[in-house]
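Input: a single structure, listed below in structure tokens.
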Amino acid sequence: MIIYSKEIIINKIHNEFLISKKKLLIVSIAGLSRSGKTTLSKDISKFLDSKNINNEIMSLDSWIIDIRKRKINSTVLERYEMNEIENSIYQAANGMLVKCPKYVSVSRKRIKNSYSKLIKIDEGVLIIEGVISLIRKS
Numbered sequence: 011m012i013i014y015s016k017e018i019i020i021n022k023i024h025n026e027f028l029i030s031k032k033k034l035l036i037v038s039i040a041g042l043s044r045s046g047k048t049t050l051s052k053d054i055s056k057f058l059d060s061k062n063i064n065n066e067i068m069s070l071d072s073w074i075i076d077i078r079k080r081k082i083n084s085t086v087l088e089r090y091e092m093n094e095i096e097n098s099i100y101q102a103a104n105g106m107l108v109k110c111p112k113y114v115s116v117s118r119k120r121i122k123n124s125y126s127k128l129i130k131i132d133e134g135v136l137i138i139e140g141v142i143s144l145i146r147k148s
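Written out as structure tokens, the structure is:
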């Protein structure tokens with residue numbers, strides 16, 4: 011197992027973007043609940059901002075299913091709208107507008123017809139963060 015410091019991770023992402031021939035670099039940050047994924051994502055974003063590199067953070071918690079609509083004793087994966095996540099990642103990766111649903115973690119409820127963030131990025135770095143960010147349904 012290789013463990014990197016935050017600074018090394020940020021520099022690796024920056025260097026990868028600079029040498030990449032792609033207009034959009036996608037970075038996934040996964041980990042256990044409350045392990046620092048959001049903090050690391052914000053630190054990466056802040057660094058990229060300082061280098062004038064366009065970036066967006068897509069938090070997969072936006073797609074957690076409302077507590078009132080979950081199956082009883084659902085697994086972590088069953089608590090997420092996986093199809094919607096995959097569609098949204100595909101849309102973001104192709105420069106389309108993504109409307110991230112608004113989920114309130116304190117009440118564990120989704121706010122109907124409300125969005126936490128609108129994402130449209132066709133070049134730069136898209137940071138996807140969440141417990142399940144490395145899992146693909148298909």
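Residue numbers (our numbering): 11 to 148. C-beta: ideal position from N, C-alpha, C; glycine also.
Close beta carbons around residue i, own chain, < 7 Å, minus the five adjacent residues each side
i	result
residue 51	39, 67, 137 and 139
residue 81	88
residue 95	70 and 73
residue 127	110
residue 64	131, 133 and 134
residue 144	38 and 40
First and last residue of the uninterrupted beta strand (DSSP E) at residue i
i	result
residue 128	119-129
residue 113	108-114
residue 39	34-39
residue 66	65-69
residue 137	134-139
Proximity of residue i and residue j at Cβ, strictly below 8 Å
i	j	result
residue 119	residue 78	yes
Nearest neighbour of residue i, chosen from the options [CA to CA]
i	options	result
residue 133	142, 113, 36 and 96	36
residue 59	142, 20 and 130	20
residue 61	28, 86 and 142	28
residue 53	84, 108, 23 and 114	23
Rounded Cβ spacing between residue i and residue j (contact assumed at less than 8 Å)
i	j	result
residue 103	residue 129	Going by Cβ atoms, the distance from residue 103 to residue 129 rounds to 11 Å, so no, they are not a contact pair.
residue 86	residue 142	7 Å
Cutoff 6 Å; reference residue i; Cβ partners in own chain excluding five residues on either side
i	result
residue 57	20
residue 47	39, 41 and 139
Range of the contiguous alpha helix (DSSP H) that encloses residue i
i	result
residue 60	47-60
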